[in-house]
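Below is one structure, written out as structure tokens; the observations come after it.
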Amino acid sequence: MTKSRNKRSFFLFFAFSFFVVSQFLTFFLLYRAAVNIHWYFSGPRLDLTDFSQFYQAGQLILSKQAHAVYNPDVQEAWCLGLIYPHIPVKGLFYNQSVPFLYLFCIPYGLLPYNTAYIVWCLSTGLMSLIALTLLLNQCTAKPGLKNRAFICLFLAMTYSSIPAYLTVWHGQTTYLMVTCMALSMYFLLRGKESLCGFWLSLSTVKPQYILLPLVALLGLNKRRALIALFLTEAALFALAGCFMGFDNILHYPLTLISAESSSRFVGVNPHVMASLRGILSASMTHNHKLAMLITVIALFASLIPVLILGRKIVKSTGAINRPTYELRRNFYLAFVYMLALVLSPHTHYFDCLLVAVPAALTIKPWLTARQKTDEGSNLDTDTASESRDKPGQEPDAVSAAEIGIASQQSYKVLVGLLLAYPYLSWVYNFALGSMEAEGIAFLCTNIALTVALFRVLIKIPKQVEQK
């Protein structure tokens, strides 16, 4: 027991120290922007990050050129005039963001560029922090389970990762994605389907991730969530159309396809993506379009199996108790989100921060097992099985099921990878020698997490039956 406590103390010290160092590095990114309005310019080279697209969006949508926001010439002229005047442009950093994101960016476009960048990172980061805290509270809430310290540790590890650091470095929208996905899951777990659909609709700020969660809701028969999702989506696009014109709304799919396949634009970089498309593009150096096609086919091919799996979970509700259904549902949703990362046509390293959502959904069995170990008590599983349906005994039955899950080898692999993920991500970024290798490393880790989640999911009914 003493050795176990020493290991835990060492891990906590290491995690805290790593968090302090990573936040110092992140603070430096914001500090250099605060003290130098031209921080993106260093010598003959530009460190132009993704945030320039969102700043551009907030300004163009209110300009006389609002109906030409997706015109490459308009975007290039804006860059030359406001971001880096008199500097030759080797490639256009094209903004292909969804129309309604332009509306969200309006307040930021009203600020000076460096101030807008700082406010963007801090505000979206705070949103994601609040959303993850709510989801973690919902996922770990249980009588007798002390979770505040764990939630702090979980958040510290999440924001210590290289995806979190790169989200700030690039000024990306990943914090917004974490916010929307975490809140959609939070409200789904609370039974508020309409709010779940609302927040999931907002997650289409990166539309490449919506298909599998959409099919998962269909599989789980969450009709109100689906209705709310489509109504919110329609309202968002209609509102955006009032600013940029409805031609841009109708032609947006073509805009997206053109941006993904054009050699004129920079920033897509399919060969370094952390998804199936990345490894295919790295091996098909002269045929990125084929890599994109194969990835899209794989994504659509996964929809029917995911739908069937969701239907089976719903149909089994009558054969298992409510808490067991909720365990299966949570692992199913976590599996779907991880699969979406693997099969997305556009996943970069910073998007791997979304792993925090599946982690939050599936961490409770590990916490329960740790609590039982700390208490020094052994759960009598036979007694728990006999008392599952007796009044007042449900928490013991749930604990038995969760400890059964925690004892699975696949779950141990899952937890081990999640605990190591923030630190492995820094190794991937700095020690592998190439961006292609980094993308493949993230992809392999995400595949391992996806497989582990699936193996745990399909064993949950058997595990509960044994209990």
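Mapped onto UniProt numbering, the consecutive letters of the sequence shown carry residue numbers 1 to 467. The beta-carbon is built from N, C-alpha and C at its ideal position, and this holds for glycine as well.
- Non-local beta-carbon contacts of L101 in its own chain, meaning distances under 8 Å to residues more than five positions away in sequence, involve F54, A57, T173, V205 in chain order.
- Rounded to whole angstroms, the Cβ separation of K372 and Q408 is 16 Å, and the two are not in contact under 8 Å.
- A check of alpha carbon separations from L254 across L29, V98, K7 identifies V98 as the nearest.
- Between the segment 154–174 and the segment 186–197 there are fewer than three C-beta pairs closer than 8 Å, too few to call the two in contact.
- Distance from the CA atom of G171 to the CA atom of F13, rounded to whole angstroms, is 30 Å.
- When the five nearest sequence neighbours on each side are left out, the beta carbons in the same chain lying within less than 6 Å of the beta carbon of Y337 are those of V357, P358, in order along the chain.
- The beta carbons of L367 and F150 sit about 6 Å from each other, so the pair counts as a contact at 8 Å.
- In the three-state scheme derived from DSSP, where H, G and I count as helix and E and B as strand, R190 is classed as coil.
- Of L250, A234, V342, P305, the smallest CA-CA separation from I279 is found for V342.
- The C-beta of F335 has 16 or more other C-beta atoms within 10 Å across all chains shown, which makes the residue buried.
- With contacts defined by Cβ atoms closer than 7 Å, S128 and T49 do not form a contacting pair.
- Closest in C-alpha terms to P270, from the list I440, R8, V20, comes I440.
- In this structure, DSSP gives W78 a helical state, which the three-state scheme calls helix.
- Judged by their CB atoms, G219 and G109 are not nearer to each other than the 7 Å cut-off.
- Here W39 carries a coil assignment [DSSP, helix/strand/coil].
- A distance below 8 Å between beta-carbons, with the five flanking residues on each side excluded, links T140 to the following residues of its chain, in chain order: N147, F150, I151, I363, K364, L367.
- Where M157 is concerned, the enclosing alpha helix (DSSP H) starts and stops at 148–158.
- Minimum Cα-Cα distance from Y332 among the listed residues A238, L189, D351, L417 corresponds to L189.
- Rounded to the nearest whole angstrom, the CA to CA distance from S283 to A448 is 21 Å.
- A distance below 6 Å between beta-carbons, with the five flanking residues on each side excluded, links L30 to the following residues of its chain, in chain order: I118.
- Counting along the chain, the unbroken alpha helix (DSSP H) around K289 starts and ends at 288–315.
- Considering only V272, S9, L202, Q65, the residue with the shortest C-alpha distance to M435 is V272.
- S160 is a Cβ neighbour of F18, given a cutoff of 7 Å.
- Here DSSP, grouped into helix, strand and coil, assigns I210 to coil.
- For G245, no alpha helix (DSSP H) encloses it, and the DSSP letter there is neither H nor E.
- At the C-beta level, L212 and L353 stay beyond 7 Å of one another.
- Exclusion of the five residues before and after R277 leaves P270, A291, M292, T295, P345 as the residues of its chain whose Cβ lies within less than 7 Å of its Cβ.
- Between N429 and E438, the gap from beta carbon to beta carbon is short of 7 Å.
- Residue L176 holds the alpha-carbon nearest to the alpha-carbon of C105 among L176, F154, I304, L135.
- Residues L211, L212, V215 of the same chain have their beta carbon placed closer than 8 Å to that of L303, with the five preceding and five following residues left out of the count.
- Per the coordinates, the alpha-carbon of V456 lies some 14 Å from the alpha-carbon of I313.
- Judged by DSSP secondary structure, F54 falls within the alpha helix (DSSP H) whose first and last residues are 51–60.
- Between L414 and L453, the beta carbon gap of about 6 Å places them in contact (Cβ cut-off 8 Å).
- The continuous alpha helix (DSSP H) containing S410 extends over residues 409–431.
- With a contact defined as Cβ atoms closer than 8 Å, Y113 and I227 miss out at about 40 Å.
- Nearest C-alpha to Y421 among F442, E402, I403, A235: F442.
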